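A.B. asks: Supplied in structure tokens, the structure appears directly below.
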Amino acid sequence: MDLMSDTDPQTSRTDWSSRMVSQQSVPQAAHAATVRADDVCLEWNSDPNLGLSPPDAERRQKTHGMNDFGEKEEESLIIKYLSGFKDPLIMMLLASAVISVATQQYDDAISITVAVIIVTLVGFIQEYRSEKSLEALNNLVPPIAHCVRNGMKQDLLARELVPGDIVEIGLGDRVPADVRLLQCTGLELDESSFTGETTPCRKQSDPVVANKGELAELTNIAFMGTLVCNGHGRGVVIGTGYNTQFGEIFTLMESEETPKTPLQKNMDKLGKHLSLMSFAIIGMILLVGFLQGQPFQQMLNIGVSLAVAAIPEGLPIVVTVTLALGVIRMSKKKAIVRKLPSVETLGCVNVLCVDKTGTLTKNEMTVTEVTTSSDNTYKLSGTGYFESGQLFLNEKVLTRCPEDLAVIAKIGYLCNNSQITDREMFGNPTDGALLALSQKLNIAIEDTARLEELPFTHERKWMGVKCVSKSTSDSGIYYVKGATENVLKVCSHILIDGALQLLNAESKDAIINVVQEKEDRGMRTLSLCYGGTMNSLVYVGNVGIVDPLRNEVPDTIHELHANSINIKMITGDSKNIAISIGQKLDIYRGSDTALSGDMIDGMSTEQLSDAIKSVSIVYRSTPRHKMKVIKALQSNGLIVAMTGDGVNDAVALKCADIGIAMGKGTDVCKEAAEMVLGNDDMSAIVEAVREGKNIFLNIKNFVRFQLSTSVSALMMIAITTFWNIPSPLNPMQILWINIIMDGPPAQSLGVEPMDSGVVNSPPRLPKKQVVDLYMLARVCVSAAVIISGTLWVYKNEMVDGQVTARDTTMTFTCFIFFDMFNALSCRSLTKSILQINLFGNTTFLFAISASILSLFGLIYVPFLQTIFQTEALAFDDIIMLVCLSSSVLIVDEVFKLLLRVFGGDKKLTANTSEDTKHLIP
């Protein structure tokens, strides 16, 4: 039943409301499927034409809640903080404090307790920061729903829908809620996520007999989360949020944990290896200490403190925070990353496959040339859907629209499912171009009613509608538009100078030649016809449509080439259109080749893998061809990114290493992608690639800082233990070093500004490890300097063989100063500190300043002196320690200089495998 055809569109809300009944219960999908569509609207007190009023929608939202799955009830901050005490190492520290109380060493017990509070607080702050960063990402790409309220079509956030809302769905949309269909045309939904059936489900609006209430039986229900594969429809929302079929599945999903990203797994593996080595060294230290007869309590406290300090438990958190901050930085540039590890992986991309329409071009189709069947060629100025323009014939401006052109404009207007309202186009871009044509020509369209629609399919490649004038009693006329060769198959006549003539082979050849000439100039073409009977229609002409290039695209292509990223254009357009665009953008060069979808079908996997190396354009492609191309590139060891905006791009986006969807693209496209360009600006891809390289570099920087700190602390205690010398650091001081290692100084290295020398380097290999031989060499050099300098201070202070508060204070202060200078040297892997902007990373400066101020607090504040067993140092002591500890920076500067002189820095930043260099421009 077609409810909308039985109801006057002008029915007032008052008239409809008089038929309404009070809502008794919430109709379930099985119930709604078995009753008439208008009865469902009555149950929900909803007008199928006007929708809900804003006040009514607001009231229902309070009753039914938002159309989302909310958030789990958060634990209180206190509970979250206390959960940090479950860590085995923290429990060991508390046990050590209890033992200290039992042995009446109250100072140690208080010190350890305070340290535990500080360490758990720092860990809590880090984790809380990570969670909040990730939470912010969840709302960056909110789903949109096409809703009718107060008779006006508007785009709302899908979460704002309520039961009773009238929504419209079309090709590429994701159904925003459970919807009882009121009307639909050629509507097919992908319900494989629910039913397991790969074939799209054909939908209709009539009531069904649901014997078992199985989903497959409910052919008039569109379920939340399913994808529109074809056609369009309109319906009433009958379920939102948890009260949907998807909501039931989501409830089960909530119990599943999100898997860790590859980079996080890499960090976890690194952390485990470091932990095992640390435990081995700590075990040796404790064994030697016990054999030497050192006090058990003292060795236990030192051992546990070393374990807490040496094990990089904060490493995964710092990585997550760094990635999240990178995502948030990119979101400010309208590049929304939906999957966290994709930011870092972008730095590996060496091939970018781009869809033409909507990516390279504006996807604002404009009719610029019309050739009528009378052989008149009209040209129009003005691009896009909203700009006015002038009409030309033989370079003369026309002030009125000729009759033969008006016929074409009328067909384009009627055979159309798009709308242009308030300077916004809703629907298919090509349809939008035809609407804009009729608006430019000021064509008056008589009041008509649509009786039938023959939707576009890939098989017939045309769309048709049957319309009847409301002022006449005729049986209706068919209006058809589509690909020229296919349109000509259903035409028997041609309109020439107002007279009908038979369409012969000669006329067909002439029409095809005109269309071919347009396509040679990069135009997309459509032919139009009309008639009373299908397969016997009248040909009236064709239109040439251009899609203007995006303003930023030429510069972006140049930048991507400069970053050693190869560009391959994959499009469904003809060869001539594709090559024309490719040449304008320097994608298609003299030695390049172009492949068609048919040519790809005729190749074996090995042949395509070899041929794809020289191919820069793939034309007349289908989703299957795009997938084959991407897999062929990947078989050559390349990391492939793919851009797209349509349903036909979704498979390729999913198949690529990085899928990049345009912000105005379809919901299914965004769902398949890892990144969404919010403002459709392709230049954001360049920034994303650079951000990916920079994030990996920053991760290396703070890992290097953490390793050198950890190794220095461990080895220093180990050396003094083996020499049977009292420990230069007490447990509280070791724990404070842990806070420095995992805290603000380390995290601030994760937001270091981009290094132009690295971001413009070739893409890095994805298997390139964070810790390599060069990093180990740098860590060993830095650790050796820190250990030597700190032990020299310790030995120089301990002149009488007894360890005093001044001795440990001098040693502790020296180590912290060494760490601060080491952090400064870790800001760049290859560049001298004089070559980078010292004030470029304000977060780092604040972190270092805060660390030094806190150090002075430990030294000079009496209360903290008691806890950390320190004493005040003279000004001369501080100056001497600063001069000594700066040696780690000086040594690293010399190391960097030697690398630059002997070319080691090039090896250090080399990213590209010799096996794949020939594939990169």
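Going by my numbering, 175 is the number at position 99 of the sequence shown; the sequence numbering is gapless. Don't be surprised by glycine CBs; every beta carbon is placed ideally from N, CA and C. Owing to the predicted nature of the structure, the values given are computational and were not obtained by experimental measurement.
Verify whether the separation of the beta carbon atoms of His701 and Val694 is less than 8 Å.
C.D. replies: For the purposes of this step, residue 701 is taken as the residue at position 625 of the sequence shown. For the purposes of this step, residue 694 is taken as the residue at position 618 of the sequence shown. Yes, Cβ-Cβ distance for His701 and Val694 is below 8 Å.
A.B. asks: Give every residue of the same chain whose Cβ lies closer than 6 Å to the Cβ of Met300, excluding the five residues on either side of it in the sequence, and list them in chain order.
C.D. replies: In the sequence shown, counting from the first residue as 1, residue 300 sits at position 224. Val251, Ala253, Asp254, Thr320 and Phe322, listed in sequence order.
A.B. asks: Would you mind giving the Cβ-Cβ distance between Met441 and Gly508, rounded to the nearest angstrom? I have them listed as a contact below 8 Å.
C.D. replies: Here residue 441 refers to the residue found at position 365 of the sequence shown. Here residue 508 refers to the residue found at position 432 of the sequence shown. Yes, they are in contact, since the Cβ atoms of Met441 and Gly508 sit about 6 Å apart, within 8 Å.
A.B. asks: Around the C-beta of Asp733, are 16 or more other C-beta atoms found within 10 angstroms, so that it is buried, or is it exposed?
C.D. replies: Position 657 of the sequence shown holds residue 733. Under this definition Asp733 is a buried residue.
A.B. asks: How would you write the range of the beta strand (DSSP E) that Leu474 sits in, first residue to last?
C.D. replies: Within the sequence shown, numbered from 1, the residue matching residue 474 stands at position 398. Run containing Leu474: Lys472 to Leu474, per the beta strand (DSSP E) assignment.
A.B. asks: By DSSP's criteria, Met441 is part of a beta bridge. Which residues make up the other side?
C.D. replies: By 1-based counting over the sequence shown, the position of residue 441 is 365. Looking at the DSSP assignment, Met441 forms no beta bridge with any residue, so it has no partner.
A.B. asks: Please report the straight-line C-alpha distance between Val977 and Gly658, rounded to a whole angstrom.
C.D. replies: Working through the sequence shown from its first residue, we reach residue 977 at position 901. Working through the sequence shown from its first residue, we reach residue 658 at position 582. One C-alpha to the other measures close to 42 Å.
A.B. asks: Pull up the DSSP beta-bridge partners for Ser685, would you.
C.D. replies: As a position in the sequence shown, residue 685 is number 609, starting the count at 1. None, per the DSSP bridge assignment.
A.B. asks: On the CB-based measure, 16 or more other CB atoms within 10 Å of its CB, does Thr316 come out buried or exposed?
C.D. replies: In the sequence shown, counting from the first residue as 1, residue 316 sits at position 240. The residue in question, Thr316, is buried, as its Cβ has 16 or more Cβ neighbours within 10 Å.
A.B. asks: What did DSSP end up calling Ile641 once you bin it into helix, strand or coil?
C.D. replies: Residue 641 sits at position 565 when you count from the first residue of the sequence shown. Here Ile641 sits in coil by DSSP.
A.B. asks: Out of Ser864, Pro829 and Cys856, state which residue places its alpha-carbon closest to the alpha-carbon of Leu914.
C.D. replies: Residue mapping note: residue 914 aligns to position 838 of the sequence shown, counting from 1. It is Pro829 whose Cα lies nearest to the Cα of Leu914.
A.B. asks: Checking the sheet assignment: what are the DSSP bridge partners for His308?
C.D. replies: As a first step, residue 308 is located in the sequence shown; it is residue number 232 there, counting from the start. BP columns for His308 point to Gly246 and Thr261.
A.B. asks: Which residue marks the beginning of the beta strand (DSSP E) containing Gln68, and which one marks its end?
C.D. replies: Because the chain in this structure spans residues 77 to 997, residue 68 falls outside the shown range and cannot be described.
A.B. asks: Rounded to the nearest angstrom, what separates Ile688 and Met501 at their Cα positions?
C.D. replies: If you number the sequence shown from 1, residue 688 lands on position 612. If you number the sequence shown from 1, residue 501 lands on position 425. Spanning the two alpha carbons is a distance of roughly 37 Å.
A.B. asks: Per DSSP, which one or two residues make a beta bridge with Gln577?
C.D. replies: Looking up residue 577 in the sequence shown gives position 501. According to DSSP, which records beta bridges pairwise, Gln577 is partnered with Ile570.
A.B. asks: On the three-state DSSP scale, how would you describe Thr601?
C.D. replies: For the purposes of this step, residue 601 is taken as the residue at position 525 of the sequence shown. Residue state, collapsed to three classes: strand.
A.B. asks: Helix, strand or coil: which one does DSSP assign to Arg526?
C.D. replies: As a position in the sequence shown, residue 526 is number 450, starting the count at 1. Strand.
A.B. asks: For the candidate residues Met886, Met645, Thr681 and Asn639, whose alpha-carbon lies nearest to that of Glu763?
C.D. replies: Within the sequence shown, numbered from 1, the residue matching residue 763 stands at position 687. Taking only the C-alpha atoms, the option nearest Glu763 is Asn639.
A.B. asks: Could you name the residues of the same chain whose beta carbon sits closer than 7 Å to that of Val111, not counting the 5 residues immediately before and after it, in chain order?
C.D. replies: For the purposes of this step, residue 111 is identified with residue 35 of the sequence shown, where counting begins at 1. The answer, listed in chain order, is Pro283.
A.B. asks: Give me, in chain order, the residues of the same chain whose beta-carbon lies closer than 7 Å to that of Pro505; leave out the 5 immediate sequence neighbours on both sides.
C.D. replies: As a first step, residue 505 must be located in the sequence shown, where it is residue number 429. So the qualifying residues of the chain are Asn439, Glu440 and Met441.
A.B. asks: Ends of the beta strand (DSSP E) at Asn618?
C.D. replies: Looking up residue 618 in the sequence shown gives position 542. Here the beta strand (DSSP E) through Asn618 covers Leu613 to Val622.
A.B. asks: Give me the residue from Thr889, Met808, Val879 and Leu852 with the minimum Cα distance to Ile193.
C.D. replies: Locating residue 193 in the sequence shown gives position 117, counting from the first residue. When each option's Cα is compared against that of Ile193, the closest is Met808.
A.B. asks: Using the three-state DSSP reduction, which class does Ile715 fall into: helix, strand or coil?
C.D. replies: Counting from one through the sequence shown, the residue named residue 715 turns up at place 639. Residue state, collapsed to three classes: coil.
A.B. asks: For Lys408 and Leu753, I'd like the C-alpha separation in whole angstroms.
C.D. replies: What you label residue 408 is simply residue 332 of the sequence shown in a count that begins at 1. What you label residue 753 is simply residue 677 of the sequence shown in a count that begins at 1. Cα to Cα, Lys408 sits roughly 11 Å from Leu753.
A.B. asks: For Cys902, name the three-state secondary structure that DSSP assigns.
C.D. replies: Against the sequence shown, residue 902 aligns to sequence position 826. Reduced to three states, the DSSP call for Cys902 is coil.
A.B. asks: Buried or exposed: which applies to Pro804, given that a residue is buried once 16 or more other Cβ atoms fall within 10 Å of its Cβ?
C.D. replies: As a position in the sequence shown, residue 804 is number 728, starting the count at 1. Counting Cβ neighbours within 10 Å, Pro804 comes out buried, since at least 16 surround it.
A.B. asks: Could you tell me if Asn589 is buried or exposed, where buried requires 16 or more neighbouring beta carbons within 10 angstroms of its beta carbon?
C.D. replies: One-based indexing of the sequence shown puts residue 589 at position 513. With fewer than 16 Cβ atoms within 10 Å of its Cβ, Asn589 is classed as exposed.
A.B. asks: Measure how close the beta-carbons of Asn493 and His308 come, nearest whole angstrom, since I'm counting them as under 8 Å.
C.D. replies: Taking the first residue of the sequence shown as 1, we reach residue 493 at position 417. Taking the first residue of the sequence shown as 1, we reach residue 308 at position 232. The pair is a contact, with the Cβ atoms about 6 Å apart (cut-off 8 Å).
A.B. asks: Helix, strand or coil: how does DSSP classify Val97 here?
C.D. replies: Within the sequence shown, the letter at position 21 stands for residue 97. Per-residue confidence for Val97 stands at a pLDDT of 33, beneath the threshold of 50, marking its modelled position as unreliable; the derived number appears in the next sentence. It is coil, neither helix nor strand.
A.B. asks: With 16 other CB atoms within 10 Å as the buried threshold, where does Glu522 fall?
C.D. replies: The residue given as residue 522 occupies position 446 in the sequence shown. The residue in question, Glu522, is exposed, as its Cβ has fewer than 16 Cβ neighbours within 10 Å.
A.B. asks: Alpha carbon to alpha carbon, what distance is there between Leu469 and Arg1030?
C.D. replies: Absent from the model: residue 1030. The displayed extent of the chain is 77 to 997, so no value can be given.
A.B. asks: In terms of alpha-carbon separation, which member of Ser464, Val425 and Gln370 lies closest to Asn800?
C.D. replies: The residue you call residue 800 lines up with position 724 of the sequence shown. Among Ser464, Val425 and Gln370, the Cα nearest to that of Asn800 is on Gln370.
A.B. asks: What is the rounded straight-line gap between the Cα of Thr444 and the Cα of Gly620?
C.D. replies: Translated into positions along the sequence shown, residue 444 becomes position 368. Translated into positions along the sequence shown, residue 620 becomes position 544. Taking the straight line joining both Cα atoms gives about 6 Å.
A.B. asks: Could you check what DSSP says for Val1008 in three-state terms: helix, strand or coil?
C.D. replies: Outside the displayed range of the chain (77 to 997) lies residue 1008, so it cannot be described from this structure.
A.B. asks: Cα separation between Trp120 and Ile314?
C.D. replies: Locating residue 120 in the sequence shown gives position 44, counting from the first residue. Locating residue 314 in the sequence shown gives position 238, counting from the first residue. Whole-angstrom Cα-Cα distance: 8 Å.
A.B. asks: Tell me, please, whether the stretch 926-946 touches the stretch 854-871 by the rule of three or more beta-carbon pairs shorter than 8 Å.
C.D. replies: Judged by Cβ distances under 8 Å, the stretch 926-946 makes no contact with the stretch 854-871, as fewer than three pairs qualify.
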